[in-house]
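Here the numbering used here is used: the sequence shown runs in plain steps of one and ends on residue 1412.
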Amino acid sequence: MSHRIAVLGSGHMGRALAVGIADNQQLDASIVVSDPIQEQLAGYTSQNVHTTTSNKEAISASNIVILAVKPQIIKTVVTAHANTIKNRLVISIAAGVPLSNLETWLPESTPIVHCMPNLAVSLNEGVTGMYANCHVTDTQKMIVQSVFDSLGEAVWMSEDSQIDIVTAVSGTGLAYFFYLMDAIIHAAKELGMDETNAQQFATRTALGAARIAVNSKDDPATLRNQVASPGGTTERALSVLDANRVRDSIMDAVRAAFARSAELTSSL
Ligand SMILES: NC(=O)c1ccc[n+]([C@@H]2O[C@H](COP(=O)([O-])OP(=O)(O)OC[C@H]3O[C@@H](n4cnc5c(N)ncnc54)[C@H](OP(=O)(O)O)[C@@H]3O)[C@@H](O)[C@H]2O)c1
């Protein structure tokens, strides 16, 4: 089945989604991306991606509408085009905007899926949490699943509130790993490695760790202990992380991201 998908907002995430969907051979989809600023629409090379500065035009040309604008303006965008959106499947990726709010801004019975992807969808390595309201049909669920599965992995959540946890863990989560890589690169340079090598060793190590963790039946705590032989370098390094309570700090960071979602919700 051919899908006509509108992506409103050509920022980091809108672009990543549009490129990821357009480049994916498994999906038969045409995409129209809208953004009020013409310059934001430059650089799309796929023939499957059309662009417009008119949200209305993008919505009219589509049967699926992805809302990829900032949470702070989503209400304005949605209410301005509520009539045009009518009878279309709506996918919101906005952090901290619960499905119940979207339901009050959109026409009654609009099928809405609240999704939380991460930027890795642009390389088909994303992970997306999804929650659908009761107006989304099984066929529409399969379509949404196939869109986000084709961009990595997609998981249905049991409640809409779980999406805020997904936001804190994986939507925001890429940044936690970039933070770690950045710290390792800085230390490597300080010890005398050149920038190029430091980047290569740190990022390939992160990739290796992720691949091992994804493919192993052991949890990351077990895997970490497997690397740490008694009296060795890893054990010494991990003892420094523990002494500095790095694990607690990372948990605090995840909690802070979760709390920020609630703040965004209350400011809507
Ligand atoms: N970034 C992530 O990793 C990530 C992950 C998961 C979910 N999200 C969600 O994805 C959404 C977009 O985030 P982002 O990081 O991509 O933000 P962003 O880079 O600021 O992108 C938003 C885009 O929307 C444009 N825009 C502004 N007003 C518009 C309108 N009326 N109609 C259409 N487009 C409009 C913006 O243009 P201007 O710049 O000119 O205002 C910008 O190009 C947010 O709701 C966020 O919560 C982001």
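Positions of the beta carbon are idealized from the N, C-alpha and C atoms, including for glycine.
One Cα belongs to Leu1324, the other to Glu1379, and the distance between them is close to 18 Å. Placement of the Cβ of Ile1235 at a distance of 6 Å or more from every heavy atom of ligand 1 is found. With fewer than 16 other CB atoms across the displayed protein chains lying within 10 angstroms of its CB, Leu1267 is exposed.
Residue environment for Ser1314: buried (at least 16 other C-beta atoms within 10 angstroms of its C-beta). Annotation for Val1310: Met1260 and Gly1273 place their beta carbon closer than 6 Å to its own, counting only its chain and skipping 5 residues before and after. Exposure of Thr1189 is indicated by the presence of fewer than 16 other C-beta atoms within 10 angstroms of its C-beta.
Ranked by Cα distance from Ile1256, the first of Gly1270, Ala1264 and Val1222 is Val1222.
Cβ-Cβ separation between Ala1312 and Ala1401: approximately 4 Å, consistent with a contact (criterion under 8 Å). The region 1195-1215 and the region 1152-1159 touch, with three or more beta-carbon pairs separated by less than 8 Å. The beta carbon of His1225 sits no closer than 6 Å to any heavy atom of ligand 1.
Comparing alpha-carbon positions, the option among Leu1246, Val1193 and Asn1192 lying closest to Pro1215 turns out to be Leu1246. With respect to Leu1295, Gly1317 sits apart: the two C-beta atoms are not nearer than 7 Å. The set of residues whose C-beta lies within less than 6 Å of a heavy atom of ligand 1 reads, in chain order, Leu1152, Gly1153, Ser1154, Gly1155, His1156, Met1157, Gly1158, Ser1178, Asp1179, Pro1180, Ile1181, Gln1184, Asn1199, Ala1212, Val1213, Lys1214, Pro1215, Ile1217, Val1221, Ile1237, Ala1238, Ala1239, Met1260, Pro1261, Asn1262, Leu1263 and Gly1315. Between Ile1208 and Ala1238 a beta carbon distance of about 16 Å is seen, past the 8 Å cut, so the two are scored as non-contacting.
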